[in-house]
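Numbering (UniProt numbering), first residue to last: 1 to 143. Virtual Cβ for every residue (Gly too), placed ideally from N, Cα, C. Computed from a prediction, not measured in an experiment: that's the story for all the values here. Heads up: the structure comes next, in structure tokens.
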């Protein structure tokens, strides 16, 4: 997609348990990027946070975590703490949209931004993408 005039690579995945995270980790290993891999991550409270992040922390250079728009959301502080305990570079945001804005601002065309952790996270990301694709089209950029 194009964001503020630059081409960005986004990958969306609804994996939200350790098995899915392990599968995703293997998939990412087969798809290397020439730059960095960024993540936007949100998870529901009843999911195995430690089991999910253990598989993906080693393959993500920069994490942006956010609560989801549901009462079942795990607080961003929990996500932040779990990743920090693994030595990950992580920043907390108040929403998935804010996390996406930040990661897109930091990413280059050589990087990849992975959005994952919950159907809710991906749904919020899709809403964000629809808004930004419309904005870029209105400004003369193809989405």
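Proximity to residue 70 [Cα-Cα], best of 111, 95, 90 and 130:
Here residue 70 is taken as the residue at index 70 of the chain shown, counted from 1. Looking at the Cα atoms, 95 is the closest of the given residues.
Under the criterion of a Cβ to heavy atom distance below 7 Å, does residue 49 qualify as lining the ligand FAD?
For the structure depicted, the ligand FAD is absent and the ligand set is empty, with no information on it obtainable.
Is the region 26-35 touching the region 72-88 in the sense that three or more CB pairs, one from each, lie closer than 8 Å?
no
Which of helix, strand or coil DSSP assigns to residue 79:
Here residue 79 is taken as the residue at index 79 of the chain shown, counted from 1. Here residue 79 sits in helix by DSSP.
Just curious, the beta strand (DSSP E) that residue 74 is in, first and last residue?
The residue labelled residue 74 in the question sits at position 74 within the chain shown. Per DSSP, residue 74 belongs to no beta strand (DSSP E) and is neither H nor E.
Can you say whether residue 111 is buried or exposed, counting buried as having 16 or more other CB atoms within 10 angstroms of its CB?
Working through the chain shown from its first residue, we reach residue 111 at position 111. Its Cβ being crowded by 16 or more others within 10 Å, residue 111 is buried.
Span of the beta strand (DSSP E) holding residue 37?
As a first step, residue 37 must be located in the chain shown, where it is residue number 37. Per DSSP, the unbroken beta strand (DSSP E) holding residue 37 starts and ends at 37-41.
Helix, strand or coil for residue 111? Go by DSSP, reduced to three states.
Within the chain shown, numbered from 1, the residue matching residue 111 stands at position 111. Looking at residue 111 - three-state DSSP - the assignment turns out to be coil, as it is neither helix nor strand.
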